[in-house]
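Below you'll find the structure, written out as C-alpha cells, and then a few comments.
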Ligand code: SIN
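Numbering (this note's numbering), first residue to last: 13 to 342.
Given below as C-alpha cells:
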C-alpha cells in the first residue's frame, strides 16, 4: 500500500513539474526575411527581437531567419498561413496573390520621395491598406521603409530606349511587369535569392532595387552601371497570421505591437542612413558607375512609364491613386 501511495505521489509530482514547465514555455515568433542583416529590414528584425524579449520578460521570444534561410518571399505567406512561420515583412510588391490595392505602391514615379511615402502611409488611406489582407487570414502590423529603387544594368541606361530588349528581374508584381514592358524590356519574375547568380551569369541584364539591397547583396560587383532613377519604391509590410496574432494574450499582443512600432521607427532611421551610405560605398568601390540623369532624361522615363497608372486604375482605385499622388504635397 505504501508503495502505491509513493508511486502516486511521484506521478503527481512529475505531472506538476510538467505543467510548470509548460507554463514557462515561451511563445516563439519565427521571423523570416530574405535580405542581409546589415539592411533596414535586417536591423529592424534584430531590434524587434531584443525589444520583444525585454518587454515580455521572455514570455515571447523571437527567432530571426535572414537571407531566405527559412523561406523565400514566394513561399513565406503560405507558410505563415500553415503556422510554420509567425512573422515576415515582404516587399509590398509581393502581396499580389492576396490583394489588389497594395499594387498602388508599385506604380512608377508615384512618390517624389520618402517623405511623401510616409505622409501617405500615415494617412487614413495608408492605414486602411494594412487591413487589406484580412480576408486572406493575414494581419498587417505596420510599414517599414527601404527606399527608392534604382536600375542596375550591364549597359548604361540613360533613356528608356537604352532598356529596349534587355531582360530585367522583377518581384512578383503585374505592375512591375507592365512598367518594364512599357519601355520595351523583358521582365522576369524571380525570387530575390536568385538575383545575384542571374546577374553574374548574365542570364539577365539588369534589375531594380534600393541602394541598400544593391550594396548588401553585392549586385554592384556584377553590374557595371546603376542609374539613379528613383523611379519606384521598395517598402515592406510586417505581417502575421490572424490565427497566431489573435492567439496571443491581450497583454502579449500589446507588448509585441509596442516592440514592433519602436523597431519600425528604428528601421526607418536605418533606411534613411543606408540610402546615403550604401550609395556612397558603391560609388567608392569603383566597380559600378552611378549614372545621374538630367531632368530631360528623367522626363523621358516618366513619360514612357506613367501610362502604367491607367492600366491598373480600375484594380487599385482612382481615388487611392489620387490620394497617394497628393501626398507629394505640391
Ligand atoms: C527585399 O528587400 O525584401 C527583397 C526585395 C527584392 O525581392 O528585390
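Note that CB positions come from ideal geometry on N, CA and C, so glycine has one too.
Note that the structure is a prediction, hence the values are computed from the model and not measured.
In three-state terms, what does DSSP make of residue i?
{"i": "residue 45", "result": "coil"}
{"i": "residue 34", "result": "Note on residue 34: pLDDT 41, under 50, position unreliable in the model; the coordinate value appears next. Residue state, collapsed to three classes: helix."}
{"i": "residue 165", "result": "strand"}
{"i": "residue 294", "result": "helix"}
{"i": "residue 177", "result": "coil"}
{"i": "residue 234", "result": "helix"}
{"i": "residue 50", "result": "coil"}
{"i": "residue 331", "result": "helix"}
{"i": "residue 226", "result": "helix"}
{"i": "residue 316", "result": "helix"}
{"i": "residue 280", "result": "helix"}
Going along the chain, which residues of its own chain have a beta-carbon closer than 8 Å to the beta-carbon of residue i, five neighbours each way excluded?
{"i": "residue 253", "result": "92, 93, 95, 98, 149, 150, 151"}
{"i": "residue 186", "result": "108, 115, 324"}
{"i": "residue 55", "result": "49, 278, 279, 282"}
{"i": "residue 273", "result": "154"}
{"i": "residue 251", "result": "89, 92, 99, 100, 101, 102, 145, 150, 151, 152, 153"}
Take the Cβ of residue i as the centre, count every other Cβ of all protein chains shown within 10 Å, and call the residue buried at 16 or more, exposed below.
{"i": "residue 199", "result": "buried"}
{"i": "residue 160", "result": "buried"}
{"i": "residue 38", "result": "exposed"}
{"i": "residue 30", "result": "Because residue 30 carries a pLDDT of 40, less than 50, the predicted location of this residue cannot be relied on, and the following value inherits that uncertainty. It is exposed - the Cβ of residue 30 has fewer than 16 other Cβ atoms within 10 Å."}
{"i": "residue 267", "result": "buried"}
{"i": "residue 284", "result": "exposed"}
Counting along the chain, where does the beta strand (DSSP E) carrying residue i start and finish?
{"i": "residue 242", "result": "237–253"}
{"i": "residue 77", "result": "72–77"}
{"i": "residue 198", "result": "198–201"}
{"i": "residue 221", "result": "218–221"}
Counting only the same chain and skipping the five closest in sequence on each side, list residues whose C-beta sits under 6 Å from that of residue i.
{"i": "residue 340", "result": "124, 128"}
{"i": "residue 131", "result": "339"}
{"i": "residue 329", "result": "none"}
For residue i, which residues from the same chain have a beta carbon less than 7 Å from its beta carbon, with the 5 sequence-adjacent residues on both sides left out?
{"i": "residue 35", "result": "Residue placement at residue 35 cannot be trusted, given a pLDDT of 43 that sits under 50; what the coordinates show is reported in the next sentence. Same-chain partners within the cutoff: there are none."}
{"i": "residue 337", "result": "122"}
{"i": "residue 168", "result": "174, 237, 303"}
Kindly say whether residue i, judged by its beta-carbon, lies nearer than 8 Å to any beta-carbon of chain B.
{"i": "residue 61", "result": "Reference to chain B is not applicable here, since this structure consists of a single protein chain."}
At which residues does the alpha helix (DSSP H) containing residue i begin and terminate?
{"i": "residue 139", "result": "136–140"}
{"i": "residue 191", "result": "186–193"}
{"i": "residue 90", "result": "88–93"}
{"i": "residue 211", "result": "207–212"}
The stretch 67–84 in contact with the stretch 108–116 per 3-pair CB rule at 8 Å: In short, these stretches do not touch, since the Cβ pair count stays below three.
Between the stretch 156–170 and the stretch 230–245, do three or more beta carbon pairs fall short of 8 Å? Yes: the two stretches touch, three or more of their Cβ pairs being nearer than 8 Å.
Indicate whether the contact test is met: 3 or more Cβ pairs, each with one atom in the stretch 166–174 and one in the stretch 263–279, closer than 8 Å. No, they do not touch.
Inter-stretch contact at 8 Å, needing at least 3 Cβ pairs: the stretch 288–301 / the stretch 223–234: Verdict: yes, contact present.
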